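Student: Residue numbers (our numbering): 1217 to 1568. One structure is given below, represented as structure tokens, and several questions about it will come after.
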């Protein structure tokens, strides 16, 4: 049973299970809605609609998930004027069981762990030009596998598959969509998709791994989303991050913070949402929230974007970005403040 507890310092620490998280956020949202829907005695609206705040999902990655890192992240966020709504621990066994990291990296994981080979949208012409044989024949002869199935068929670990993958030439069929002809342990070759993801995934799953997550919010008038990502969090490569940023601080202090190795481009300590819409997608995935529990989700529903479309868009599909071009939905929204994000989503909804 989850227990709500307050630490002895000034910052509340919430130890919540998923159901408690949902109840807590629903309560916050209900209070906000009630505060803006009341009427005064003359029948006029008492207050204008509450302003949308930027809201992000942040988590400490498993390799850096120590008490000192968690404290550093919270202190950095709060010193930047960012409010922490709640915190939660999500263990590696739950991440594995519920496919949370697979959903988080859906565009990559869909070809690595979710879709069987016959469902992966391989472009036949490019496949034939690259490998010199027909994709349909490969499927008939059962010579293709996603990365998860490849590990089973080869009888190998994710690390062994990744090592073999790094030794062969691969073709890129699209964003986060790679294929290579691989053999492990002397077994017959298979066409494997996104084998590198299995090593990424292994860092998050299992009883010895887990993340510590935060849901945070702030006013875009005082801090832009771009500044949040590039100045408060820091860029992907911690060596290039500002000296006082979260990622650079973890790099500079990694030994004192209890990390066993130097942070790098992939193991960079912390993840944070790239846009308000990505934050919504991440909260739906990691915290099992429903759309109406989130202020942005409710805003989009009220503006006429269907629940089905919003959930489809949470998977970062390729969409029409103009009358003559297509691209990643997430790329179109990156670094936008929440009001600009809503406007852009409405524009894209009309186009698509």
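All C-beta atoms, glycine included, are put in the ideal place defined by N, C-alpha and C. Computed from a predicted structure; not experimentally measured.
By Cβ distance below 8 Å, which residues in the same chain neighbour residue 1442 in space, the five residues on each side in sequence not counted?
Tutor: In the chain shown, residue 1442 corresponds to position 226, counting from 1. Same-chain partners within the cutoff: 1551.
Student: Assign residue 1542 to buried or exposed, taking buried as 16 or more other Cβ atoms, counted over all protein chains shown, within 10 Å of its Cβ.
Tutor: In the chain shown, the residue the question calls residue 1542 occupies position 326. Looking at its Cβ environment, which holds fewer than 16 other Cβ atoms inside 10 Å, residue 1542 is exposed.
Student: Identify, in the order they occur along the chain, each residue of the same chain with its Cβ nearer than 6 Å to the Cβ of residue 1513, setting aside the five sequence neighbours on each side.
Tutor: Start at 1 with the first residue of the chain shown, and residue 1513 comes out as number 297. Only 1496 and 1507 meet the Cβ criterion.
Student: Fully enclosed by the segment 1315-1349, which alpha helix (DSSP H) runs are 4 residues long or longer?
Tutor: Those alpha helix (DSSP H) runs which fall completely within the segment 1315-1349 and span 4+ residues are 1316-1320, 1322-1325 and 1340-1347.
Student: Check whether the Cβ atoms of residue 1467 and residue 1280 sit closer than 7 Å, and answer yes or no.
Tutor: Taking the chain shown and counting its residues from 1, one reaches residue 1467 at position 251. Taking the chain shown and counting its residues from 1, one reaches residue 1280 at position 64. No, they are not a contact pair.
Student: Once the 5 residues before and after residue 1523 are set aside, which same chain residues still bring their CB inside 7 Å of it?
Tutor: As a working note, residue 1523 is residue 307 in the chain shown. 1507 and 1517, listed in sequence order.
Student: Where does residue 1478 sit, in a helix, a strand or coil, going by DSSP?
Tutor: What you label residue 1478 is simply residue 262 of the chain shown in a count that begins at 1. Reduced to three states, the DSSP call for residue 1478 is coil.
Student: What are the boundary residues of the beta strand (DSSP E) that includes residue 1388?
Tutor: In the chain shown, residue 1388 corresponds to position 172, counting from 1. That run of the beta strand (DSSP E) goes 1386-1390.
Student: Does the CB of residue 1334 have a neighbour CB from chain B at under 7 Å?
Tutor: Reference to chain B is not applicable here, since this structure consists of a single protein chain.
Student: First and last residue of the alpha helix (DSSP H) that includes residue 1353?
Tutor: On the chain shown, residue 1353 is found 137 positions in, with the first residue counted as 1. Unbroken alpha helix (DSSP H) run through residue 1353: 1351-1356.
Student: Nearest to residue 1490 by alpha carbon, out of 1456, 1446, 1333 and 1268?
Tutor: Residue 1490 sits at position 274 when you count from the first residue of the chain shown. Of the candidates 1456, 1446, 1333 and 1268, the one whose C-alpha sits nearest the C-alpha of residue 1490 is 1446.
Student: Which whole runs of the beta strand (DSSP E) in the segment 1492-1561 are 3 residues long or more, in chain order?
Tutor: Qualifying beta strand (DSSP E) stretches, in chain order: 1534-1536 and 1542-1544.
Student: Indicate the three-state DSSP secondary structure (helix, strand or coil) for residue 1405 in the structure shown.
Tutor: As a working note, residue 1405 is residue 189 in the chain shown. Three-state DSSP puts residue 1405 in coil, outside helix and strand.
Student: Which of the three DSSP states, helix, strand or coil, is assigned to residue 1276?
Tutor: Position 60 of the chain shown, counted from the start, is the residue given in the question as residue 1276. Residue 1276 falls in the strand class under three-state DSSP.
Student: On the three-pair Cβ rule with 8 Å, is the segment 1358-1365 touching the segment 1325-1336?
Tutor: Result yes; three or more Cβ-Cβ pairs closer than 8 Å.
Student: Look up residue 1444 in the DSSP assignment and give the residues it is bridged to.
Tutor: Here residue 1444 corresponds to residue number 228 of the chain shown, with the count starting at 1. Partner(s): none; residue 1444 has no beta bridge.
Student: Please go through the same chain and pick out, in chain order, the residues whose beta-carbon is closer than 8 Å to the beta-carbon of residue 1448, but skip the five residues on each side of it.
Tutor: Counting from one through the chain shown, the residue named residue 1448 turns up at place 232. Closer than 8 Å at the Cβ level, and outside the excluded window around residue 1448, lie 1292, 1293, 1296, 1298, 1439, 1461 and 1462.
Student: Using 10 angstroms around the beta-carbon of residue 1428, count the other beta-carbons present and answer buried if the total reaches 16, otherwise exposed.
Tutor: Counting from 1 along the chain shown, the entry for residue 1428 is found at position 212. The residue in question, residue 1428, is buried, as its Cβ has 16 or more Cβ neighbours within 10 Å.
Student: Tell me the DSSP bridge mates of residue 1304?
Tutor: To locate residue 1304, count along the chain shown from 1; it is residue 88. Note: residue 1304 sits in a beta bridge opposite 1429.
Student: My assumption, with CB atoms under 8 Å, is that residue 1354 sits in contact with residue 1377. Please give the rounded CB distance.
Tutor: If you number the chain shown from 1, residue 1354 lands on position 138. If you number the chain shown from 1, residue 1377 lands on position 161. Not quite, the Cβ-Cβ distance comes to about 19 Å (not below 8 Å), so this is no contact.
Student: Roughly how many whole angstroms lie between the Cα atoms of residue 1305 and residue 1347?
Tutor: By 1-based counting over the chain shown, the position of residue 1305 is 89. By 1-based counting over the chain shown, the position of residue 1347 is 131. Residue 1305 and residue 1347: Cα-Cα distance of roughly 45 Å.
Student: Hey, out of 1391, 1469, 1540 and 1459, whose CA is closest to residue 1547's CA?
Tutor: Residue mapping note: residue 1547 aligns to position 331 of the chain shown, counting from 1. Answer by Cα proximity: 1391.
Student: Would you kindly work out how many angstroms separate the C-alpha atoms of residue 1478 and residue 1487, rounded to a whole number?
Tutor: In the chain shown, counting from the first residue as 1, residue 1478 sits at position 262. In the chain shown, counting from the first residue as 1, residue 1487 sits at position 271. Each residue's alpha carbon lies about 17 Å from the other.
Student: Does the beta-carbon distance from residue 1413 to residue 1324 come in below 7 Å?
Tutor: As a working note, residue 1413 is residue 197 in the chain shown. As a working note, residue 1324 is residue 108 in the chain shown. Closer than 7 Å, so yes.
Student: If you draw a straight line from the C-alpha of residue 1372 to the C-alpha of residue 1402, how long is it?
Tutor: On the chain shown, residue 1372 is found 156 positions in, with the first residue counted as 1. On the chain shown, residue 1402 is found 186 positions in, with the first residue counted as 1. Roughly 11 Å between the two C-alpha positions.
Student: Going by Cα to Cα distance, which pick from 1317, 1395 and 1562 is closest to residue 1384?
Tutor: Here the question's residue 1384 lines up with position 168 in the chain shown. Checking every option, the nearest Cα to that of residue 1384 belongs to 1395.
Student: Kindly give me the distance between the Cβ atoms of residue 1381 and residue 1411, rounded to whole angstroms, as I take these residues to be in contact under 8 Å.
Tutor: Here residue 1381 refers to the residue found at position 165 when the chain shown is read from its first residue. Here residue 1411 refers to the residue found at position 195 when the chain shown is read from its first residue. Indeed, because the Cβ distance is near 4 Å, the residues count as touching under 8 Å.
Student: Considering only residues of the same chain and omitting the five flanking positions on each side of residue 1213, which have a CB-CB separation below 8 Å?
Tutor: Given that the chain is displayed from residue 1217 to residue 1568, the structure contains no residue 1213 and the question cannot be resolved.
Student: If we ignore side chains and look at the alpha-carbon of each, how far apart do residue 1245 and residue 1515 end up?
Tutor: Sequence index remark: in the chain shown, residue 1245 carries index 29 (1-based). Sequence index remark: in the chain shown, residue 1515 carries index 299 (1-based). Below a pLDDT of 50, predicted positions are generally treated as unreliable, and residue 1245, at 46, falls in that range; the measurement from the model is reported next regardless. Cα-Cα distance, rounded: 12 Å.
Student: May I ask which residues mark the beginning and end of the alpha helix (DSSP H) holding residue 1378?
Tutor: As a first step, residue 1378 must be located in the chain shown, where it is residue number 162. Segment 1374-1381, the alpha helix (DSSP H) holding residue 1378.
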